[in-house]
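In order, the protein sequence lines correspond to chains A and B.
190 is the number of the first residue of the first sequence in our numbering; add one for each residue after it.
30 is the number of the first residue of the second sequence in our numbering; add one for each residue after it.
Ideal placement from N, C-alpha and C gives every residue a C-beta, glycine not left out.
Here's the structure we're looking at; comments come further down.
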Amino acid sequence: SLYPSLEDLKVDKVMR
Amino acid sequence: KFTDIFEKMVPMLVQQSLSIASSRKADLVSRLVGSLREATNLCNGVLASLNLPAAIEDLSGDSVPQSILEKSRAVIQQGGLNSIEQLIKDLPELLQRNREILDESLKILNDEETTDNELRAKFNQRWNRTPSGDLYKPLRAEGANFRNILDKAVQADQVVKERYNTHCEMIALLCKPESELCSAIPSANPAKTLQGSEVVNVLKAQLMQLDEIKRDREALEVEVKAVTFDMTTKFLTALAQDGAINEEALTTGELDTRYGAYTQRVQKNLRSQEDILAQIQTSHQEFAALKQSNADANNREEVLKKLASAHDSYIEISSNLREGTKFYNDLTEILLKFQNKCSDIVFARKTEREELLKELQQS
């Protein structure tokens, strides 16, 4: 794939 | 009618393990599908370079070979040059929108930090809250990551643009009506004597085999993508029994079970293609020797090869543009969430600032 992956960013991180 | 709304809730460790397992699965699927697609690209490239199947269809020397006509129709049906031109035009706007959201988000952090620093300079120790600069480090790190991603996207846009520039002329020709296409392809002496010759029949059969191998790949891709499984129970069990989760072992074990057979089928398919392509290349050499080429025939062949390549390029560019458009749209959603995080924290800081100012004025 040509464009960067956004998979990591789609996961909602737990807000502290 | 009781439903447990906490049914899906799992211990943090399980949640993290599930997330990693999901990544591993995505990687494996991506690799498998990637090698299938690579094989198809390779196959198409080899055929185009040999002017197959056009060369064995082209026995009149002046009409448009059937496979080229089909490629032309396929490209026209998908919207031709216009549809990709439009998508290419849209890319800079999509990029800009994303840049603006990111810039705006970081700006409100900067502005609040500036005010906070001014007040700290004014009140010194009495302004005793955590400096904004310290508080905003994680968000700014996220912002820097987004910038990185946008920079990479800009490079990807360039690649697509260059691909388009390289091939747009031939793609435009491929989109012309049959009569125009016909006149644009140089004529050559008909090779009627080759019709029915053994090597042509052999090539036809080999090309059909190759087609079947390609179709198998399409089916394989669908099957591979359809595999689903849930590691939750395994992880919960491991946690309960051992107090820990050996995620890597458990996941790779499950992936072997689920995808092992597919991996083998993919390997087998790739080997079959390798074999048949080698055979095709040998047959093509025989064919070329029989064909008695001259300048006209060579010119004609060159144009036919370029037209076949133009079709493949069109497919690739379309796919790139769909990917790029989706990328920018998905990123916008993510950046809007980021923007909300920034405005939320700045709002909280402003509220806190007002309260601190009030206290300081009273004291």
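As assigned by DSSP and simplified to three states, the class of residue i
{"i": "R382/B", "result": "helix"}
{"i": "T32/B", "result": "coil"}
{"i": "L336/B", "result": "helix"}
{"i": "A217/B", "result": "coil"}
{"i": "M38/B", "result": "coil"}
{"i": "K320/B", "result": "coil"}
{"i": "Y192/A", "result": "coil"}
{"i": "V253/B", "result": "helix"}
{"i": "F356/B", "result": "helix"}
{"i": "M260/B", "result": "coil"}
{"i": "R205/A", "result": "Bear in mind that the predicted position of R205/A carries a pLDDT of just 36, short of 50, making it unreliable; the figure below should be weighed with that in mind. DSSP places R205/A in coil when its eight states are reduced to three."}
{"i": "L236/B", "result": "helix"}
{"i": "N80/B", "result": "coil"}
{"i": "S64/B", "result": "helix"}
{"i": "S392/B", "result": "coil"}
{"i": "D163/B", "result": "helix"}
{"i": "S226/B", "result": "coil"}
{"i": "D304/B", "result": "helix"}
{"i": "D56/B", "result": "helix"}
{"i": "D87/B", "result": "coil"}
Run of the alpha helix (DSSP H) containing residue i, from where it starts to where it stops
{"i": "D91/B", "result": "Where D91/B is concerned, there is no enclosing alpha helix (DSSP H), given that its DSSP letter is neither H nor E."}
{"i": "C197/B", "result": "166-203"}
{"i": "K118/B", "result": "109-152"}
{"i": "G272/B", "result": "Unbroken run through G272/B: none, as it is neither H nor E."}
{"i": "L210/B", "result": "207-213"}
{"i": "N157/B", "result": "It is not in any alpha helix (DSSP H) - N157/B carries neither H nor E in the DSSP assignment."}
Cβ neighbours of residue i in the same chain (closer than 6 Å, five flanking residues each side left out)
{"i": "L79/B", "result": "H313"}
{"i": "Q270/B", "result": "none"}
{"i": "W156/B", "result": "L148, R149"}
{"i": "Q308/B", "result": "Q235"}
{"i": "M199/B", "result": "K335, A339"}
{"i": "I130/B", "result": "L364, Q368"}
{"i": "K263/B", "result": "L279"}
{"i": "A337/B", "result": "A77"}
{"i": "A267/B", "result": "I274"}
{"i": "G172/B", "result": "L135"}
Sequence-distant residues of its chain with Cβ nearer than 7 Å to residue i (five each side left out)
{"i": "V231/B", "result": "S312"}
{"i": "Q107/B", "result": "S347"}
{"i": "V203/A", "result": "Residue placement at V203/A is flagged as unreliable, the pLDDT there being 48, under the threshold of 50; a coordinate-derived value is accordingly withheld."}
{"i": "I105/B", "result": "C204"}
{"i": "R246/B", "result": "L65, A68, T69, N298"}
Own chain partners of residue i with C-beta closer than 8 Å, once the 5 adjacent residues on each side are dropped
{"i": "L319/B", "result": "L223, S226, V228"}
{"i": "C371/B", "result": "S134, L135, I137, L138, L168"}
{"i": "R205/A", "result": "Any reading at R205/A needs caution, since the residue's pLDDT is 36, under 50, leaving its predicted position unreliable; the model's value is listed next. Once the five neighbours on either side are set aside, R205/A has no close Cβ partner at all."}
{"i": "E384/B", "result": "none"}
{"i": "I117/B", "result": "V189, K190, Y193, L350"}
{"i": "V43/B", "result": "T261, F264, L265, L268, I274"}
Proximity test, Cβ basis, 8 Å: residue i and chain C
{"i": "A255/B", "result": "The question asks about chain C, but that chain is absent: this structure's protein chains are A and B."}
Where the segment 358-392 of chain B meets chain A: residues whose CB sits under 7 Å from a CB there: D359, L360, I363
The segment 30-44 of chain B: positions lying closer than 7 Å to chain A by Cβ: none
Stretch-stretch touch, CB-based, cutoff 8 Å, three pairs: the segment 326-336 of chain B with the segment 82-98 of chain B: yes
Against chain A: residues of the segment 343-356 of chain B by CB proximity under 8 Å: N349, E352, G353, F356
Cβ contact check for the segment 186-197 of chain B and the segment 266-281 of chain B: 3 or more pairs under 8 Å: no
Validate contact between the segment 351-360 of chain B and the segment 204-216 of chain B using beta carbons, cut 8 Å, 3 pairs: no
Residues of the segment 44-72 of chain B with Cβ closer than 7 Å to any Cβ of chain A, in chain order: S48, A55
Interface residues of the segment 84-105 of chain B facing chain A [CB-CB below 8 Å]: none
Short-range partners of chain A found in the segment 186-220 of chain B, where Cβ spacing is below 8 Å: V188, V189
Near-chain A residues of the segment 165-187 of chain B - C-beta to any C-beta below 7 Å: I178, K181, A182, A185
Stretch-stretch touch, CB-based, cutoff 8 Å, three pairs: the segment 80-93 of chain B with the segment 281-292 of chain B: no
The segment 33-42 of chain B contacting the segment 233-253 of chain B, beta-carbon criterion three pairs below 8 Å: no
Inter-stretch contact (C-beta, 8 Å, three-pair minimum) for the segment 320-329 of chain B and the segment 175-190 of chain B: no
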